[in-house]
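Per this note's numbering, the sequence shown starts with residue 89, numbered consecutively.
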Amino acid sequence: MKKLSGLIILFFITISNIHSAEVKGIIITKTDTTQVTFNIPMNLASEPTFVNLQYKIKYIDAAGNKCKLYPNQAKEIQFTHNNQLYRMQSKFDNLSPNSDGESKIFLKLEIDGKIKLFSYYIRQTMTTGGGPNSAPMTTSSTYSKYVLQKGNNDLVRYGKINFNHDMPVFLKECPDLVKKIEDKTYHRSDIEAIITYYNTNCANP
Numbered sequence: 089m090k091k092l093s094g095l096i097i098l099f100f101i102t103i104s105n106i107h108s109a110e111v112k113g114i115i116i117t118k119t120d121t122t123q124v125t126f127n128i129p130m131n132l133a134s135e136p137t138f139v140n141l142q143y144k145i146k147y148i149d150a151a152g153n154k155c156k157l158y159p160n161q162a163k164e165i166q167f168t169h170n171n172q173l174y175r176m177q178s179k180f181d182n183l184s185p186n187s188d189g190e191s192k193i194f195l196k197l198e199i200d201g202k203i204k205l206f207s208y209y210i211r212q213t214m215t216t217g218g219g220p221n222s223a224p225m226t227t228s229s230t231y232s233k234y235v236l237q238k239g240n241n242d243l244v245r246y247g248k249i250n251f252n253h254d255m256p257v258f259l260k261e262c263p264d265l266v267k268k269i270e271d272k273t274y275h276r277s278d279i280e281a282i283i284t285y286y287n288t289n290c291a292n293p
């Protein structure tokens, strides 16, 4: 019975990872914008699982061909789901543990502007149990980390920044914003407000 229960749990975890939906969207390259139908993996709440889209995206072209898109083949993809527009941009990958720095990754764009704010998704998998009377159970969890990019500079993991020391340097051309960080008007958790303030008040045209 324990073995059967373990297999049932593993089955539902597997099913949750392969649910997908066909969603209209566009692929933007250096020369073209193409209308396609993306095959977007969804979680059990019918929300896109962006961790599965960072390195490969399946789509159907206008001729009905099933295709795969890799980050080095496009600048950006866009699609709308549940009335929300999602954008993922292709960037050189200095985030993944095994990246060589020359490969690329699709990152979910949260805020656009002179400083861009992205979400980088990480999946952790754990296997527990297993033995004479039970089957091993594999579970996975996904979490996201904020990533910054100023202009065309390298990506910066926000979680690795010393907020009080590094952010004033990162935002040095915006003294009013630096002051708000130094006088504790803005805290680490206010990163979205910080980037919005910078792009609205400090970014050069």
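Every residue gets a Cβ at the ideal spot worked out from N, C-alpha and C, and that includes glycine.
In this text, all values refer to a predicted model and were calculated from it rather than measured experimentally.
Can the beta-carbon of residue i be found less than 8 Å from the beta-carbon of residue j?
i      : j      : result
Gln237 : Phe194 : no
Tyr231 : Ile249 : no
Lys202 : Tyr174 : no
Taking buried to mean at least 16 other C-beta atoms within 10 Å of its own C-beta, is residue i buried or exposed?
i      : result
Val257 : exposed
Gly239 : exposed
Judging by CA-CA distance, which residue of the options is the nearest neighbour of residue i?
i      : options                           : result
Thr284 : Arg276, Ile199 and Asn292         : Ile199
Gln123 : Val139, Ile148, Leu141 and Met130 : Ile148
Leu141 : Thr117, Phe167 and Asn153         : Phe167
Using DSSP bridges, identify the partner residues of residue i.
i      : result
Met176 : Ile165 and Lys196
Tyr231 : Ile210
Ser108 : Pro129
Leu236 : Leu205 and Val244
Gly147 : Just to set this straight, residue 147 is Tyr in the shown sequence, not Gly. In DSSP, Tyr147 forms a bridge with Phe126 and Cys155.
How long is the line joining the alpha carbons of residue i and residue j, rounded to whole angstroms?
i      : j      : result
Lys268 : Ser108 : 43 Å
His275 : Asn252 : 9 Å
Leu183 : Ala162 : 19 Å
Ala133 : Asn171 : 15 Å
Ile103 : Glu135 : For Ile103, the pLDDT reaches just 43, beneath the cut-off of 50, and the residue's location in the model is therefore unreliable, although a value from the coordinates is still provided. Distance between the alpha carbons of Ile103 and Glu135 is about 14 Å.
Ser277 : Glu261 : 21 Å
Ile101 : Tyr143 : With a pLDDT of 42 at Ile101, under the threshold of 50, the predicted position of this residue should be treated as unreliable, and no value is reported.
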